[in-house]
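Under numbering that gives the first Met the number 0, think of the first position of the sequence shown as 0, with each following residue one higher.
Cβ coordinates follow ideal geometry from the N, Cα and C atoms, glycine included.
Here is the structure we will look at, set down as structure tokens.
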Amino acid sequence: MAAHAHGGRRLHGSQLLIEARMDVRERIAALNREFSAPGCKKPISEYNARLSELEAEERQEKVFAAAQKARPTIDGRVPKPAPEVSLENDPTPVTRKFFMGVMKSVLKDVADTFRSEDAKLLEKLEARITAIENRPTMQYRGVWEADGRYQPGDVVTDSGSMWHANCSTTARPGASSDWTLCVKHGRDLR
Numbered sequence: 000m001a002a003h004a005h006g007g008r009r010l011h012g013s014q015l016l017i018e019a020r021m022d023v024r025e026r027i028a029a030l031n032r033e034f035s036a037p038g039c040k041k042p043i044s045e046y047n048a049r050l051s052e053l054e055a056e057e058r059q060e061k062v063f064a065a066a067q068k069a070r071p072t073i074d075g076r077v078p079k080p081a082p083e084v085s086l087e088n089d090p091t092p093v094t095r096k097f098f099m100g101v102m103k104s105v106l107k108d109v110a111d112t113f114r115s116e117d118a119k120l121l122e123k124l125e126a127r128i129t130a131i132e133n134r135p136t137m138q139y140r141g142v143w144e145a146d147g148r149y150q151p152g153d154v155v156t157d158s159g160s161m162w163h164a165n166c167s168t169t170a171r172p173g174a175s176s177d178w179t180l181c182v183k184h185g186r187d188l189r
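See below:
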């Protein structure tokens, strides 16, 4: 069996594979700790990319280990092939605590983005509502009366026509520019 130098030591093939697998698992655990740390602001896409790389390394180590087992033994026999390595057969466990930490971080970023966008839209809507509320509104005051005082937006009827007050006035509709004709009287009032 071939020996390799590893960290100043000489290791045989199977020992090297065991140490390489341990190294990959330690790096996955370190990655999980890094991304589940409170206040971690790194994007989930970075975590997924790095985890995929580590999982690929782990699968490669398993394939190397299977190849090592498939070599003929000293007596010339070849052991059975190792089972196929896939994510379905050996998924990397994700703890609930880690998953919840990642989801909270992602959802917090999404919520903050929406909150700031919503605040801008809400400000615009409030300004529009205030402008609409401050506009003079049309209010029907009935038939025009000579002793009445009418405000901008008031609407009255006089001689079968409907008039809108443009400003504060006591003048008769049609006698000045204080009024605007909205609806002219019908034919029966010629």
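Name the residue from Ser158, Asp157, Ser176 and Ser160 whose alpha carbon lies nearest to the alpha carbon of Cys166. Ser176
Nearest-angstrom Cα separation, counted from Ala118 out to Gly100: 27 Å
What does DSSP give as the partner residues of Thr168 in its beta bridges? Tyr149
Given a threshold of 16 other Cβ atoms within 10 Å of its Cβ, counted over all protein chains shown, does Asn47 qualify as buried or as exposed? exposed
Can you tell me the Cβ-Cβ gap for Gly152 and Ala170, rounded? I've got them flagged as a contact below 8 Å. Not really, about 16 Å apart at Cβ, beyond 8 Å.
Around the Cβ of Ser115, are there at least 16 other Cβ atoms within 10 angstroms (buried) or fewer (exposed)? exposed
Can you grab the Cα-Cα spacing for the pair Thr136 / Phe98, in whole Å? 56 Å
Within a Cβ cutoff of 8 Å, which residues of the same chain sit near Trp142, ignoring the five residues on either side of it in sequence? The sequence given here places Val at residue 142; Trp does not occur at that position. Same-chain partners within the cutoff: Val155, Thr156 and Asp157.
Assign Ser51 to one of three DSSP states: helix, strand, or coil. helix
Taking just the CA atoms, how far does Lys41 sit from Glu60? 28 Å
Per-residue DSSP class, three states only, for Arg95: helix
Taking only three categories from DSSP, how would you classify Ser104? helix
Near Arg49, what residues of its chain come up, given a Cβ to Cβ distance below 7 Å and the 5 sequence neighbours on each side ignored? Leu30
In terms of alpha-carbon separation, which member of Glu57, Thr168, Arg186 and Ile43 lies closest to Lys103? Ile43
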